[in-house]
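Chemist: Starting off with a structure, shown below.
Residue numbers (our numbering): 358 to 1039.
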């Protein structure tokens, strides 16, 4: 058989032209071509494997040393757009974006670990005779761009355009750098999510949507790389030796119709092209090459002919319908009190749900339906595989609709919850202030909704038990804000009985107990809980601060000292140890006497040896020096604090007050004026 153009019927009834590759035969009059097989794939696999080894070494370095370069993950650059923190992830992402304008979308093909997972999956499937087919949709192609805008531009827009009216305190903090971290894993999911993520986004999505399915329909970084690729001067281009054999399209793992694009434009214009170079490698006539020239946005049809319209699996009506399914699936996996997943995992699950629903729809609608080797329906009769598919699809859609509804209603609950703005210090004080009528109404409405979305065993309609503790904690807070402290305590104790004790439950119950018998019940609760859970540092910190606020400074010092000792005995890591050292040093410096104040100074100096760029450690040091009347050293410490955090009005004001107190009125007054200006701009 030769390589020629044949016409066949597309799924929607249109007639399309297909290039046929068979038995290594070339076009008429030419020597046969061997079956296309790219040899460059192994080199790309080596590069991607090397990247994995570097990542493993990076994590190992952090694990052994305790600090390391911040993760080289594009997702970490969200901190830049949200809080102005420039980290290693920002630099890597920035290099990737800028280089895409020159080389095209190369980063996805040669530098992404998710690509390695997808390629591995496709390779394993090919070994067992499975060749995933690409799923082609118009509207779902916009999902990565929407996700990218949500991840990176929405935080900036919210802070600059919305927050000034809704949250005036959320001002832009300015740009800072954080290239070295000790909390390397802070933004990554644990093993319980990592393994399902790999299985779904690395394997299942390839099986369902084809190779690069995650990149095409779920990856937010591709949402930026793909549009930038349109302007790249580096592209796959063709010369006059092209015979339209179709080898290039046959080996393209990005599902690009390479032979059609080079025929129509003289270059590959599809932004899905990831510059894997497989097409260049297999071209029997060396007709393809990567070179520089006009970008895709300037491409014009060759010879004045109109390029063929791309074929898609969905009609326009189906596109709209399944876009709605995608929106519901994303909402279902991104709520607070429903089935909640990290964004990158959620997008992958969404793509899979859409395809499962699509194939079920086609199975119902058409007389014949097939998926890989499974015949779902034949001549109008449903086969066992088709019945199983419909059952799975039905369950997926039911769970999706249920969780989407829960999350939508929960959004209303959190909106009302946020309207209750009375500070916890007031709610849990001995003389709390009654909520005003609007806040009371919001609290009651939020309580009602939280009860409705609780799990079935707790009187609601929810089906995801892991989220129930968060619901119970919000209910207890609102009950306390309404002055119904006994109900709040009962809610927390029942939650602890049914869900087990966690740090949030412990903190909530501790706040309720503070109002009882002069706080003695709270002291017993904190001591017993922290003795059993010495690494709950947030609870420990809250306990110490509460004792200080109650005027029980000696007890606060004893509690802080005991907390550090217990944590060390329990094998606390360097981060926890440093945190508790800081708390003890601050309490000693601010509230100790004589030798205790000096101990606080010495302990603060030790923390600065570990982390020398902490401005608030210098502030604690200044307090200790000032209490011991060592004003020169106190001034130097506060100047260091202001140097490290020049936009923090509190530090500037503290230095101004100190200078005015030691006779440097002019400089002190100027600093006080600057502090007031910074405070007013918050």
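Using N, Cα and C, we set each Cβ at its ideal position, and we do this for glycine too.
1) May I have a chain-ordered list of the beta strand (DSSP E) segments no shorter than 3 residues that lie completely inside the stretch 517-573?
2) Which value, in whole angstroms, describes the spacing of the CA atoms of residue 542 and residue 417?
3) Assess, as a yes-or-no matter, whether the stretch 715-726 is touched by the stretch 735-742 under the definition of 3 or more beta carbon pairs within less than 8 Å.
4) Where does residue 427 land, buried or exposed, given buried means 16+ other C-beta within 10 angstroms?
5) Which same chain residues, not among the five before or five after residue 587, have their C-beta less than 7 Å away from its C-beta?
6) Would you grab the beta carbon distance between residue 940 and residue 901 for me? Rounded to a whole angstrom, and I think it's under 8 Å.
7) Within a Cβ cutoff of 6 Å, which residues of the same chain sit near residue 867, ignoring the five residues on either side of it in sequence?
8) Taking the alpha helix (DSSP H) that residue 726 falls in, what are its first and last residues?
9) Is DSSP giving residue 647 helix, strand or coil here?
10) Going by alpha carbons, who is nearest to residue 934 out of 905, 947, 909, 968?
11) For a test of the three-state rule: what should DSSP assign to residue 443, helix, strand or coil?
12) If you check the beta carbons only, do residue 703 and residue 576 fall under 9 Å apart?
13) Which one of 731, 753, 752, 754 has the shortest CA to CA distance from residue 743?
14) For residue 434, count neighbouring Cβ atoms within 10 angstroms of its own Cβ and tell me buried if that reaches 16, exposed if not.
15) Quick one: using the 10 Å Cβ neighbour count with 16 as the cut-off for buried, is residue 1018 buried or exposed?
16) Please state if the CB of residue 1015 and the CB of residue 992 are separated by a distance shorter than 9 Å.
17) How many angstroms separate the CA atom of residue 614 from the CA atom of residue 598?
18) Starting from the Cα of residue 527, find the closest Cα among 441, 459, 990, 450 and give me that residue.
19) Counting only the same chain and skipping the five closest in sequence on each side, list residues whose C-beta sits under 7 Å from that of residue 1024.
20) Going by beta-carbon coordinates alone, are residue 789 and residue 840 separated by less than 9 Å?
21) Under 9 Å, do residue 482 and residue 563 count as touching if we go by C-beta distance?
22) Just checking, does the stretch 457-471 make contact with the stretch 392-399 on the three C-beta pairs under 8 Å criterion?
23) In the DSSP assignment, what are the bridge partners of residue 624?
24) Measuring alpha carbon to alpha carbon, tell me which residue in 423, 569, 648 is nearest residue 491.
25) Give me the Cα-Cα distance between residue 516 and residue 531, rounded to the nearest whole angstrom.
26) Do residue 990 and residue 1013 have their CB atoms nearer than 9 Å?
27) Classify residue 1021 as helix, strand or coil using the three-state DSSP reduction.
28) So residue 748 packs on residue 714, CB below 8 Å; how close in whole Å?
29) Please check the pair residue 623 and residue 667, which I expect to be a contact at CB under 8 Å, by giving their CB distance rounded to whole angstroms.
30) For the beta strand (DSSP E) that residue 731 lies in, which residues bound it at each end?
31) What is the DSSP secondary structure of residue 739, counted as helix, strand or coil?
32) Does the structure place the stretch 885-896 close enough to the stretch 925-933 that three or more beta carbon pairs sit under 8 Å?
33) Which first and last residues belong to the alpha helix (DSSP H) in which residue 604 is found?
34) Three-state secondary structure (DSSP) at residue 1041?
35) Do the stretch 761-770 and the stretch 683-698 meet, that is, are 3 or more Cβ pairs less than 8 Å apart?
36) So what does residue 425 bridge to, in DSSP terms?
Modeler: Taking the definition as stated:
1) Those beta strand (DSSP E) runs which fall completely within the stretch 517-573 and span 3+ residues do not exist here.
2) Using only the alpha carbons, I get a separation of about 12 Å.
3) Flag = yes, the stretch 735-742 and the stretch 715-726 touch.
4) With 16 or more Cβ atoms within 10 Å of its Cβ, residue 427 is classed as buried.
5) By the criterion of a C-beta distance shorter than 7 Å, residue 587 is surrounded in its chain by 628, 652, 653, 654, once the five residues flanking it on both sides are discounted.
6) Right, their Cβ atoms sit about 6 Å apart.
7) So the list reads 879, 882, 883, once near-sequence residues are dropped.
8) Looking at the DSSP string, residue 726 is not in any alpha helix (DSSP H); the run it does join, the beta strand (DSSP E), is 726-728.
9) If DSSP states are grouped into helix, strand and coil, residue 647 belongs with the strands.
10) From the listed residues 905, 947, 909, 968, the smallest Cα separation to residue 934 is found for 968.
11) Residue 443 falls in the strand class under three-state DSSP.
12) Inclusion of residue 703 and residue 576 in the CB contact set at 9 Å is not warranted, their separation being larger than that value.
13) Among 731, 753, 752, 754, the Cα nearest to that of residue 743 belongs to 731.
14) It is buried - the Cβ of residue 434 has at least 16 other Cβ atoms within 10 Å.
15) Classification for residue 1018: exposed.
16) At a Cβ-Cβ threshold of 9 Å, residue 992 and residue 1015 count as neighbours.
17) If you take the alpha carbons of residue 614 and residue 598, they lie about 18 Å apart.
18) Answer by Cα proximity: 441.
19) So the list reads 1016, once near-sequence residues are dropped.
20) Against a cut-off of 9 Å, the Cβ pair of residue 840 and residue 789 comes out as a contact.
21) By the CB criterion at 9 Å, residue 482 and residue 563 fall inside the cutoff.
22) No, the stretch 457-471 is not in contact with the stretch 392-399.
23) 594, per the DSSP bridge assignment.
24) Sorting 423, 569, 648 by C-alpha distance to the C-alpha of residue 491 places 569 at the top.
25) Distance between the alpha carbons of residue 516 and residue 531 is about 12 Å.
26) Cβ atoms of residue 990 and residue 1013: not closer than 9 Å.
27) Residue 1021 sits in coil when the DSSP states are folded into three classes, being neither helix nor strand.
28) Rounded, the Cβ-Cβ distance is 13 Å, inconsistent with contact.
29) No, residue 623 and residue 667 are not in contact; Cβ-Cβ is about 18 Å, not under 8 Å.
30) The continuous beta strand (DSSP E) containing residue 731 extends over residues 731-735.
31) Per DSSP, reduced to three states, the secondary structure at residue 739 is strand.
32) Touching, yes, given that three or more Cβ pairs across the two stretches are closer than 8 Å.
33) In the DSSP annotation of this structure, the continuous segment of the alpha helix (DSSP H) that includes residue 604 starts and ends at 604-608.
34) Missing from the structure shown is residue 1041; the chain here goes from 358 to 1039 and no further.
35) At 8 Å Cβ cutoff, the stretches touch.
36) Per DSSP, 538.
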